[in-house]
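To convert, note that position 96 of the sequence shown is 96 in UniProt numbering; the numbers rise steadily by one, no gaps. First up is the structure itself, then whatever we jot down about it.
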Amino acid sequence: MATKTIGVREEVYERLRARKRDDESFTDLLDRLIDESEGDWRDGFGSLSTEEVESIRESATASRKRFNESAAERQAAAIDRFADSSDGDEGGDGSGRSDDDADSDETDPDDARIETGGSA
């Protein structure tokens, strides 16, 4: 019978040796371990029944619908908040500042604004 030599790290060898029975060779040990394993993980693909597939499909559809509804609600609330904050704009320039604030030379450190369109 032909044989092959394989290399294993020292810690793997020690783990195999610890599982090896006194009356078996390493080949017998590997054979036993392979037989004891649960098989190829790919064997389970496609094994759902039609009912299980339909149940999963319905759950996914319901989940997407709930997400879309809550996203629409969050979007509407954000738009309302934005509109409400624009309604309080005393200066009329969309900044939310009054004309008195615009004339001030002092900068409020708590008034952080993000400017877009320019390069740093």
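All residues carry an ideal CB built from backbone N, CA and C; glycine is no exception.
CA-to-CA distance, residue j to residue i, given in whole angstroms
| i | j | result |
| --- | --- | --- |
| residue 29 | residue 49 | 37 Å |
| residue 7 | residue 47 | 37 Å |
| residue 67 | residue 52 | 23 Å |
| residue 86 | residue 42 | 58 Å |
| residue 55 | residue 74 | 29 Å |
| residue 14 | residue 1 | 26 Å |
| residue 58 | residue 72 | 21 Å |
| residue 65 | residue 12 | 50 Å |
| residue 81 | residue 39 | 57 Å |
| residue 69 | residue 35 | 51 Å |
| residue 21 | residue 63 | 52 Å |
| residue 79 | residue 45 | 45 Å |
| residue 120 | residue 83 | Only weak support exists for where residue 120 lies, its pLDDT of 46 falling under 50; the coordinates are left without a value. |
| residue 10 | residue 60 | 47 Å |
| residue 37 | residue 19 | 14 Å |
Per-residue DSSP class, three states only, for residue i
| i | result |
| --- | --- |
| residue 79 | helix |
| residue 72 | helix |
| residue 120 | With a pLDDT of 46 at residue 120, under the threshold of 50, the modelled position of that residue is not reliable, and the figure given next carries that caveat. Note: residue 120 maps to coil in three-state DSSP. |
C-beta contact flag for residue i and residue j at 9 Å
| i | j | result |
| --- | --- | --- |
| residue 3 | residue 27 | yes |
| residue 17 | residue 24 | no |
Item checked: Secondary structure, beta strand (DSSP E): runs of 3+ residues fully inside the region 10-66 -> none
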